[in-house]
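Notes to accompany the following structure.
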Amino acid sequence: MQFRDRHKDFVKAGAVVFGVSRDNMASHDKFKQNLELPFELIADTEEKLCHMFGVVKNKIMYGKKVKGIERSTFLIDPAGVLVEEWRGIKVAGHVDEVLKSVKALKKAA
Numbered sequence: 001m002q003f004r005d006r007h008k009d010f011v012k013a014g015a016v017v018f019g020v021s022r023d024n025m026a027s028h029d030k031f032k033q034n035l036e037l038p039f040e041l042i043a044d045t046e047e048k049l050c051h052m053f054g055v056v057k058n059k060i061m062y063g064k065k066v067k068g069i070e071r072s073t074f075l076i077d078p079a080g081v082l083v084e085e086w087r088g089i090k091v092a093g094h095v096d097e098v099l100k101s102v103k104a105l106k107k108a109a
């Protein structure tokens with residue numbers, strides 16, 4: 001919800017925000033509507049993006065080994081180059097750190 005609440009700041013800084021998960025579009029549409037998200041969600045049901053960015057991880061849940069997704073954020077410049085990444089993030093304060101990097105990238109351009 002922090003990215004939702006700061007979305008205007010990202011737009012002002014020239015950034016485009018997307019959310020990605022393995023859920024399908026129907027699930028995304030409901031999630032987006034319920035949380036009033038101002039940005040698009042990408043349905044990666046075949047896990048192509050998840051594997052490309054290396055976020056598919058084995059986890060232990062209730063004593064069983066399961067495949068899960070490592071919560072991550074990726075900053076990609078206008079040329080499509082990955083310039084910064086945050087892995088295994090904690091939500092508190094994360095959006096401020098990402099916005100700071102976006103603004104620094106804009107200044108460097």
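With the working numbering applied, the sequence shown has no gaps in its numbers, which climb one by one up to 109 at the end. Heads up, the beta-carbon is just placed ideally off N, CA and C, and yes, glycines get one too. Bear in mind the structure is a predicted one, so any value in this text is a computation, not a measurement.
For Leu41, the closest C-alpha among the options Phe74, Phe31 and Leu82 is that of Phe31. A Cβ-Cβ distance of about 14 Å is found for the pair Arg87 and Ser101, leaving them out of contact under the 8 Å criterion.
When DSSP states are grouped into helix, strand and coil, Ala109 belongs to the coil group.
In this structure, DSSP gives Ala104 a helical state, which the three-state scheme calls helix.
8 Å or more divides the Cβ of Phe53 from the Cβ of Phe39.
Within the model, the alpha-carbon separation for Lys90 versus Ile69 is close to 14 Å. Around the Cβ of Asp44, a 10 Å sphere holds 16 or more other Cβ atoms; the residue is buried. The Cβ atoms of Arg4 and Leu37 lie closer than 8 Å to each other.
Taking a C-beta distance under 8 Å as the contact criterion, Leu35 and Met61 do not qualify as a contact pair. For Lys67, same chain residues with a beta-carbon under 7 Å away, outside a window of 5 residues either side, are Val56 and Asn58 in chain order. Annotation: the stretch 64-103 contains the following complete segments of the beta strand (DSSP E) (minimum length 3 residues), in chain order: 64-69, 72-76 and 82-87.
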